[in-house]
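Novice: In terms of my numbering, the sequence shown opens at residue 28 and continues consecutively.
Questions regarding the structure given below will be posed in turn.
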Amino acid sequence: MAEQHKFYGQEEFSKGLEGVIACESKLGYIDGQKGWLIYRGIEIGDLAEHSTYEETAYLLLFGKLPTRKELDEFTQKLVNYRTIDPRVADIIKSMPPTAHPMALLRTAFSALGAYENPEKVDEFDLEAWTELGIKAISQMATVAAEVGRLRAGLPPVAPDPNLNHASDFFYMLTGKKPNELEADVMNKALILHADHGMNASTFTSMVVASSLSDIYSAITGGLSSLKGPLHGGANERTLKMFMEIGEPENAKAYIEDKLARKVKIMGMGHRVYKAYDPRAKILKSYAERLAKLSGNEKLYTISQEVEKVMIERLGKKGIFPNVDYYSGIVYHSLGIDSKMFTPIFAVSRVAGWVARVLEYLHSNRIFRPRAIYTGPLKAEYVPIDQRS
Ligand code: ACO
C-alpha cells in the first residue's frame, strides 16, 4: 500500500465542508430542524411582514434597525448610487445576448468594479469598504436590470429616485411602475433572499475578500457561485420542471421517474433545513395568489402535486421545498423572464455578501483550508520520449 503523509487535523475531513465552523457571526442564524431563520435576532417572517429591503440591508450591515434619520440617509445613498457608469451598458451590449444573464451580470459587475476602482482606497480601511459595499448593493439592481433589458433588445430604463429599492429594480427591469401588490411582492422577495448563513456564494465572497482583494471582486465571486443549479440557479430550473410536467396528473409519474434515476428535484431539499424552509412558506402564499391573478393556476396546481409526492417519498429524509421552489412561480406570474430569476436573487443576496464580508474583515484571517493528499508520495520523472 502507498505510503500516506499524515496531516494534523486530517481525521476531521468533511466533504463539502459540511458542518465545519469557519467563523463566528452575529448576522443571522438558521435552525434547520425547526425551519427557523433570523437576521440579527429578528424572525424572517417579521421582517417580511413589516420591513423594507433598505431597512433589512441596514440591519444586516450595521447590526441594528435604523432610526428614521439613519434609514433616510441610507435610503438616499442607495438612490444616489443606483445611477451607474454608462459604459457598463456598452459592455453588456458587446456580449452575446444568448449568454445566460448570470454570465452577463457577473462580467458586467466585474467591469463596473474596474470603473469604480476600489484600489483607490486603503485595503485596511473598513469604512471605505463599507461605503463601497453600500454602493455595490445599490448598483447590483441597476446592472441586473440593464442585463435584463439589453439581452431582450430593449433600452435600459433610468432609475426613479422616488421609488424604493425593490420597486425601482422592478421598474428598471420591466419598464413598468409596479402596482401595490407587485411592489409588496418584490420587496418581500428581496428581504427573504438577503442573507442565509455560510451558503456557497456567501462563503465564496468571503474567501475572495479575505485576501483583501476588493468588494467588487468578492461580489463577482459570489455571483459566480450563485449561478449554479445547486444554489441560486434552482429557481429557474424549478419553473422549467413545472412546465415540463405540463399537467397536474403527470406529476407523480414524472417525479417517480426522476427519483428512480437519482435525478435531483429542483427547489427541493437543503443542506441546512431538514424542515420546511420558512422563506418558501411565505412565498407559497404569494405564488398561489399571483398564479390565480395571472392565469397561471395550473402551474401552481402542478407545484402542489410535486410537493405532495416529494414529501410522501422524501419528507422523512428532511426533503421539503426550499426558497427556490415558489419564487419561480411568483416571478413568472409577474411577467418576468425565467432567465432573470437568479439575477433577482443576486439583487437581494448582495446585501448578505457585503455584510458578511465586512463582519469577517473586522478580524480577518485569509481562508486557507487543506486537502488530504491521496496521490503517490514518490513518483519518477520520466523523460517525454520514454513515456508510454
Ligand atoms: N431531489 C431528490 N433527492 C434529493 C434532493 C432532491 N432535490 N435533495 C436531497 N435528496 C436526497 C439526497 O440524494 C440524499 O439521498 P440518499 O439518502 O439516498 O443519499 C437525501 O435526499 C438527503 O440529502 P441531503 O443530505 O439532505 O442533501 P444535500 O445536503 O447533499 O444537498 C442540495 C442539498 C444540494 C440543496 C440538494 O437538496 C439539491 O440538489 N436540491 C436541488 C437543487 C436546489 O433546489 N438547490 C437550491 C438550494 S437552496 C439555495 O441554494 C438557495
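Just so it is clear, CB atoms sit at the ideal spot from N, CA and C, and this is done for glycine as well.
Computed from a prediction, not measured in an experiment: that's the story for all the values here.
Rounded to whole angstroms, what's the CA-CA distance from Y313 to V357? Just pull it up for me.
Specialist: If you take the alpha carbons of Y313 and V357, they lie about 7 Å apart.
Novice: Please identify the residue among L181, P370, G175, E209 whose C-alpha is closest to the C-alpha of N191.
Specialist: Closest by alpha carbon: E209.
Novice: According to the neighbour-count rule (16 or more other Cβ atoms, all chains shown, within 10 Å of its Cβ), is E173 buried or exposed?
Specialist: By the neighbour-count rule (16 or more Cβ atoms within 10 Å), E173 is buried.
Novice: Around the C-beta of V115, are 16 or more other C-beta atoms found within 10 angstroms, so that it is buried, or is it exposed?
Specialist: Buried, because 16 or more other Cβ atoms sit within 10 Å of the Cβ of V115.
Novice: Tell me, which residues are paired with W63 by DSSP?
Specialist: In the DSSP output, where bridge partners are listed per residue, W63 has D58.
Novice: Alpha carbon to alpha carbon, what distance is there between I57 and S194?
Specialist: About 28 Å.
Novice: Here's the rule: buried if 16 or more other CB atoms are within 10 angstroms of the residue's CB, otherwise exposed. What is A245?
Specialist: A245 should be labelled buried.
Novice: Given 6 Å as the limit, tell me if L253 has its C-beta closer than that to any heavy atom belonging to ligand 1.
Specialist: Because no heavy atom of ligand 1 lies under 6 Å away, the Cβ of L253 does not count as near it: no.
Novice: Thinking C-beta only, is T169 closer than 7 Å to I111?
Specialist: Their beta carbons are under 7 Å apart, which means I111 touches T169 by this criterion.
Novice: With burial defined as no fewer than 16 other Cβ atoms inside 10 Å of the residue's Cβ, what is the status of D351: buried or exposed?
Specialist: By the neighbour-count rule (16 or more Cβ atoms within 10 Å), D351 is buried.
Novice: Provide the residue span of the alpha helix (DSSP H) that contains G160, from first to last.
Specialist: Per DSSP, G160 belongs to the alpha helix (DSSP H) from 153-178.
Novice: Please say whether T369 and E263 have beta carbons closer to each other than 7 Å?
Specialist: Yes, Cβ-Cβ distance for E263 and T369 is below 7 Å.
Novice: What's the gap between the Cα of H359 and the Cα of L239?
Specialist: If you take the alpha carbons of H359 and L239, they lie about 39 Å apart.
Novice: Less than 6 Å separating the Cβ of R298 from some heavy atom of ligand 1?
Specialist: Yes, the beta carbon of R298 sits closer than 6 Å to at least one heavy atom of ligand 1.
Novice: Classify K91 as buried or exposed, calling it buried when 16 or more other Cβ atoms lie within 10 Å of its own Cβ.
Specialist: Exposed, since its Cβ has fewer than 16 Cβ neighbours within 10 Å.
Novice: For D222 versus G62, is the C-beta distance shorter than 7 Å?
Specialist: No; because the gap between Cβ atoms is not below 7 Å, this pair is not in contact.
Novice: Using the rule of at least 16 other Cβ atoms within 10 Å of the residue's Cβ for burial, across every protein chain shown, is N206 buried or exposed?
Specialist: The residue in question, N206, is exposed, as its Cβ has fewer than 16 Cβ neighbours within 10 Å.
Novice: Do you know how far the Cα of G355 is from the Cα of A49?
Specialist: Roughly 32 Å separates the two Cα atoms.
Novice: Roughly how many whole angstroms lie between the Cα atoms of R67 and A261?
Specialist: Spanning the two alpha carbons is a distance of roughly 27 Å.
Novice: Is it right to say E82 is buried, meaning 16 or more other beta carbons lie within 10 angstroms of its own, or is it exposed?
Specialist: Counting Cβ neighbours within 10 Å, E82 comes out buried, since at least 16 surround it.
Novice: Determine the extent of the alpha helix (DSSP H) in which A314 is found, giving its start and end residues.
Specialist: Looking at the DSSP string, the run of the alpha helix (DSSP H) that includes A314 is 305-320.
Novice: Could you tell me whether the Cβ atoms of K254 and A75 are closer together than 7 Å?
Specialist: Their beta carbons are not under 7 Å apart, which means K254 does not touch A75 by this criterion.
Novice: Check whether the Cβ atoms of S41 and L105 lie closer than 7 Å to each other.
Specialist: The answer is no: Cβ separation not under 7 Å.
Novice: When you compare only the Cα positions, how much space is there between R395 and H220?
Specialist: In a straight line, the C-alpha of R395 is about 28 Å away from that of H220.
Novice: By the 10 Å Cβ neighbour count, where 16 or more other Cβ atoms means buried, how is N349 classified, buried or exposed?
Specialist: N349 should be labelled buried.
Novice: Count the other CB atoms, across all protein chains shown, that sit within 10 Å of the CB of E334; report buried if there are 16 or more and exposed otherwise.
Specialist: Per the 10 Å Cβ criterion, buried.
Novice: Is I48 near ligand 1, in the sense that its beta carbon is under 6 Å from a heavy atom of that ligand?
Specialist: Because no heavy atom of ligand 1 lies under 6 Å away, the Cβ of I48 does not count as near it: no.
Novice: Tell me whether the beta-carbon of F372 lies closer than 7 Å to the beta-carbon of S330.
Specialist: Against a cut-off of 7 Å, the Cβ pair of S330 and F372 comes out as no contact.
Novice: Near M28, which residues of its chain fall below 7 Å by C-beta distance, leaving aside the five closest residues on each side in sequence?
Specialist: Summary for M28: the model assigns pLDDT 47, below 50, so the residue's position carries little reliability; its value from the coordinates is reported in the next sentence. Nothing meets the Cβ criterion.
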